[in-house]
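Chemist: In the working numbering, the protein residues as written are 214 to 343. Each residue gets a CB set at the ideal place from its N, CA and C atoms; glycine is no exception. Remember, predicted model here, so these are calculated numbers, not experimental data. Please see the structure below; I have some questions.
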Amino acid sequence: MKTRILSAAVMVPGLIVFLVWLPKVCTAVLFGLICAIGAYELLKGTGLVKNARLIVYSMLLAFGVSMWSFYGMPYPWFLGGLLAFTALLFGELLLSKAKLSTRSLAMCAMAGCVVPYLLCAVVRIFALST
Numbered sequence: 214m215k216t217r218i219l220s221a222a223v224m225v226p227g228l229i230v231f232l233v234w235l236p237k238v239c240t241a242v243l244f245g246l247i248c249a250i251g252a253y254e255l256l257k258g259t260g261l262v263k264n265a266r267l268i269v270y271s272m273l274l275a276f277g278v279s280m281w282s283f284y285g286m287p288y289p290w291f292l293g294g295l296l297a298f299t300a301l302l303f304g305e306l307l308l309s310k311a312k313l314s315t316r317s318l319a320m321c322a323m324a325g326c327v328v329p330y331l332l333c334a335v336v337r338i339f340a341l342s343t
């Protein structure tokens, strides 16, 4: 825990510089990477989900939510991404012969969609100022 706090103390000033001086698309990419890493930490680091493909799907959706926020949140992109993600989760459920728990699928949806949407408020604010 001490290492994480020290890392945050070093990285926060760099993050502020990154947000202020680089183009706004870099902010969206950075937040997308942060959300993808966060989804990995939430699902794999805590041991909530054991299936590696489900974690990768959630990471990709978390990155996609950040980019979706940057490009003005077009509704068809949201529906397409959510439909593809749901189809992948359903495919994994069929592939595992219904041995995946509903809790694992719900946690993947939470880590891939809901949490990144809430965290990308900064990206949406920066996108409004263009």
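#1: Give the range of the alpha helix (DSSP H) segment to which K215 is assigned.
#2: How many angstroms separate the CA atom of L306 from the CA atom of A252?
#3: Using a Cβ-Cβ cutoff of less than 7 Å, which residues in the same chain neighbour V278 once the five nearest sequence positions on both sides are dropped?
#4: Please specify which runs of the alpha helix (DSSP H), each continuous and at least 4 residues long, are wholly inside the region 252-299, giving them in chain order.
#5: If you reduce the DSSP assignment to three classes, tell me which class C333 lands in.
#6: Using 7 Å as the limit for Cβ to Cβ distance, is A265 near chain E?
#7: How about L267 and C321: are their beta carbons less than 7 Å apart?
#8: So L318 is in the alpha helix (DSSP H); what residue range does that whole segment cover?
Modeler: Taking the coordinates as given:
#1: Within the sequence shown, numbered from 1, the residue matching residue 215 stands at position 2. Residues K215 to W234.
#2: Taking the first residue of the sequence shown as 1, we reach residue 306 at position 93. Taking the first residue of the sequence shown as 1, we reach residue 252 at position 39. Cα to Cα, the separation comes out at about 20 Å.
#3: As a position in the sequence shown, residue 278 is number 65, starting the count at 1. Within the same chain, V278 has close Cβ partners C248, C326, P329, Y330 and C333.
#4: 265-283
#5: Translated into positions along the sequence shown, residue 333 becomes position 120. C333 falls in the coil class under three-state DSSP.
#6: Absent from the structure: chain E. Only one protein chain is present.
#7: Against the sequence shown, residue 267 aligns to sequence position 54. Against the sequence shown, residue 321 aligns to sequence position 108. A contact, by the Cβ cut-off of 7 Å.
#8: The residue given as residue 318 occupies position 105 in the sequence shown. Here the alpha helix (DSSP H) through L318 covers T315 to A322.
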